[in-house]
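Count the sequence shown with the working numbering and you get residues 226 to 683, in order. Even for Gly, the Cβ is constructed at its ideal location relative to N, Cα and C. As the structure is a computational prediction, the values presented were derived from the model and not from experiment.
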Amino acid sequence: MIWSENGENAYSQITPAIRALEEQWEKKNYIDPKLYRAYNVRRGLRDEDGRGVLTGLTRVGEIVSYEVAQDGAILPLDGVLYYRGIDCRELVRGSEGRRMAFEEAAYLLLFGELPSAAQLRDFGVQLATYRTLPSNFLRDVILKAPPQDLMNTMQRAVLTLFCYDDRPNDISLENVLRQSLQLIAIMPLLAIYAYQAHRFSRGEGLFIHEPRPELSTAENFLRMLRQDGQYTELEARVLDVALVLHADNGGGNNSTFTNHVVTSSGTDTYSAIAAAMASLKGPRHGGANSKVMEMMGDIKAHVRNWDDEEELRRYLAQILNGEAFDGRGLLYGLGHAVYTRSDPRCEVFRDYVRTLSCEKGRQPELALYSRVERLGKELLLEKHGRRAVSTNIDFYSGFVFEMLGLPRELYTPLFAVARISGWSAHRMEELSAGGKLIRPRYECVEEHRGYTPMARRD
Numbered sequence: 226m227i228w229s230e231n232g233e234n235a236y237s238q239i240t241p242a243i244r245a246l247e248e249q250w251e252k253k254n255y256i257d258p259k260l261y262r263a264y265n266v267r268r269g270l271r272d273e274d275g276r277g278v279l280t281g282l283t284r285v286g287e288i289v290s291y292e293v294a295q296d297g298a299i300l301p302l303d304g305v306l307y308y309r310g311i312d313c314r315e316l317v318r319g320s321e322g323r324r325m326a327f328e329e330a331a332y333l334l335l336f337g338e339l340p341s342a343a344q345l346r347d348f349g350v351q352l353a354t355y356r357t358l359p360s361n362f363l364r365d366v367i368l369k370a371p372p373q374d375l376m377n378t379m380q381r382a383v384l385t386l387f388c389y390d391d392r393p394n395d396i397s398l399e400n401v402l403r404q405s406l407q408l409i410a411i412m413p414l415l416a417i418y419a420y421q422a423h424r425f426s427r428g429e430g431l432f433i434h435e436p437r438p439e440l441s442t443a444e445n446f447l448r449m450l451r452q453d454g455q456y457t458e459l460e461a462r463v464l465d466v467a468l469v470l471h472a473d474n475g476g477g478n479n480s481t482f483t484n485h486v487v488t489s490s491g492t493d494t495y496s497a498i499a500a501a502m503a504s505l506k507g508p509r510h511g512g513a514n515s516k517v518m519e520m521m522g523d524i525k526a527h528v529r530n531w532d533d534e535e536e537l538r539r540y541l542a543q544i545l546n547g548e549a550f551d552g553r554g555l556l557y558g559l560g561h562a563v564y565t566r567s568d569p570r571c572e573v574f575r576d577y578v579r580t581l582s583c584e585k586g587r588q589p590e591l592a593l594y595s596r597v598e599r600l601g602k603e604l605l606l607e608k609h610g611r612r613a614v615s616t617n618i619d620f621y622s623g624f625v626f627e628m629l630g631l632p633r634e635l636y637t638p639l640f641a642v643a644r645i646s647g648w649s650a651h652r653m654e655e656l657s658a659g660g661k662l663i664r665p666r667y668e669c670v671e672e673h674r675g676y677t678p679m680a681r682r683d
């Protein structure tokens, strides 16, 4: 790789050579899609009916979204997401009036039981104790190499923390629990400070707020993000609920499964979590709410009258047919790989979306979202003949984050701030109950051939 003086890739110097190699690669790497069916390959580790291939057992999280009839047919159900056997919606409702809903959910995911008031208080104190970075870490690791993507900066920081750990390779449950608690506490700092470094690299002012021990994860996140450090009780509550609803989504989601796979090799906690973060960064996984926001921005720009349902339906049909927006024919935020009839996270989030939109004076935009949701689902049902289409939590979460004043660069990092608790619980479970290296099989479809001497090659 050739680098220019300012650190950017010097693409113009290598493009012709890369193009030639790309053409050579394409000639020898095409695999006929028919072969996947011939070899009975479960692409994406999914069965023909869309269900995930069963690869393990867990007690951490569970998604219920369908039932199987006697004839084997998949019958859609209203989705339920369980954390340690408890409906996540009950966690949200039960935490009303308290400021540490996320901490309660993290405790439940890690230890399998709801904490008492004293246990929750002590857990908050434990996290506050760990909510600090090593000396000069902010300057030397985060600020010196400003990021183009915050997730990469956070991954680098997580991997660098390995060097500051006295027992980085110790995978005893006691040590992994200690590392997990530290990472749960530190992840919000990595996200915020990476964003501040990003702003500073663009010539904007730099301000750094240290977290306060008496504040929750959500409160500290808003306080450290904003220059004046101010936030409303409703803003903190909405962000707290968002963290709860993103804390886990079963063992089969891409980043959590990545965490299981990497953990099964016996590697250290920092490497396993960095790998999970690499998965989450992908737009097919953690970047969905940003795509929803891009799509909604495009709709706002091309639909003159948001109240005109016929005009809106026509434009949504154009998007679905690949004639508008990004040409991929997708209505982002509508439909989910696992949830069929409904996404319970979205259902519980709606009330908070409505309340926050009233406080922020954004009711007209919420009405547009509601119309896009309803009309988009109708179009999807008509085109694909499905019996049900769920609205993903990502359909509304980006709108909520925007109302909270969160920059779009922080949407996926915020996902990591929440999901680190689920990753940690699954890593500990894999270490204690897995016991076997995860190693699936790939069938090679290349023909065998002999070695050709250099003099006889074209």
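Where do the ends of the beta strand (DSSP E) carrying residue i lie?
| i | result |
| --- | --- |
| PRO393 | Counting along the chain, PRO393 falls outside any beta strand (DSSP E), and DSSP gives it neither H nor E. |
| VAL305 | 299-308 |
| SER290 | 286-293 |
Assign residue i to one of two classes, buried (16 or more other C-beta atoms within 10 Å of its C-beta) or exposed (fewer than that).
| i | result |
| --- | --- |
| SER320 | buried |
| HIS485 | buried |
| LEU505 | buried |
| ALA342 | exposed |
| TYR389 | exposed |
| MET226 | Confidence in MET226 is poor, its pLDDT being 46 and thus under 50, which makes the residue's placement too unreliable to answer from. |
| SER489 | buried |
| ILE256 | exposed |
| SER480 | buried |
| ASN474 | buried |
| HIS609 | exposed |
| GLY623 | buried |
Can you give the beta carbon distance from residue i to residue j, rounded, assuming they're within the 8 Å contact cut?
| i | j | result |
| --- | --- | --- |
| GLY647 | GLY277 | Their Cβ separation, rounded to whole angstroms, is 17 Å, which puts GLY647 and GLY277 out of contact at 8 Å. |
| VAL528 | LEU581 | At roughly 23 Å, the Cβ-Cβ gap does not stay under 8 Å, so VAL528 and LEU581 are not in contact. |
| ASN514 | TYR636 | 5 Å |
| GLY476 | GLY281 | 6 Å |
| VAL614 | LEU559 | 6 Å |
| ARG538 | LEU600 | 5 Å |
| TYR261 | ARG268 | 6 Å |
| GLU328 | SER496 | With a Cβ gap of about 26 Å, GLU328 and SER496 do not count as contacting. |
What is the rounded straight-line gap between the Cα of residue i and the Cα of residue j?
| i | j | result |
| --- | --- | --- |
| VAL366 | GLU536 | 50 Å |
| ARG381 | LEU415 | 10 Å |
| ALA443 | ALA353 | 13 Å |
| ALA526 | LEU545 | 17 Å |
| VAL289 | ALA370 | 43 Å |
| GLN249 | ARG682 | 15 Å |
| LEU384 | ALA641 | 15 Å |
| ARG451 | PRO340 | 31 Å |
| PRO301 | TYR291 | 4 Å |
| PRO372 | PRO638 | 13 Å |
| PRO413 | ASN530 | 40 Å |
| ALA562 | LEU402 | 31 Å |
| ARG318 | ILE243 | 55 Å |
| ILE396 | HIS651 | 14 Å |
| LEU358 | LEU333 | 26 Å |
Alpha carbons only, please: which of the options is nearest the one belonging to residue i?
| i | options | result |
| --- | --- | --- |
| PHE620 | LEU606, ALA342, VAL517 | VAL517 |
| LYS585 | THR354, PRO258, GLU627 | GLU627 |
| HIS423 | SER441, LEU375, TYR261 | LEU375 |
| ASN478 | ARG681, LEU279, TYR557 | LEU279 |
| ASP533 | LEU593, MET412, ASP453 | LEU593 |
| GLU603 | ALA330, GLU439, LEU541, ASP296 | LEU541 |
| GLU598 | GLU590, HIS609, THR616 | THR616 |
| VAL573 | VAL466, ALA658, VAL293 | VAL466 |
Check for me: the alpha helix (DSSP H) holding residue i runs from which residue to which?
| i | result |
| --- | --- |
| GLU460 | 458-470 |
| VAL573 | 569-585 |
| HIS485 | 479-488 |
| ASN514 | 513-527 |
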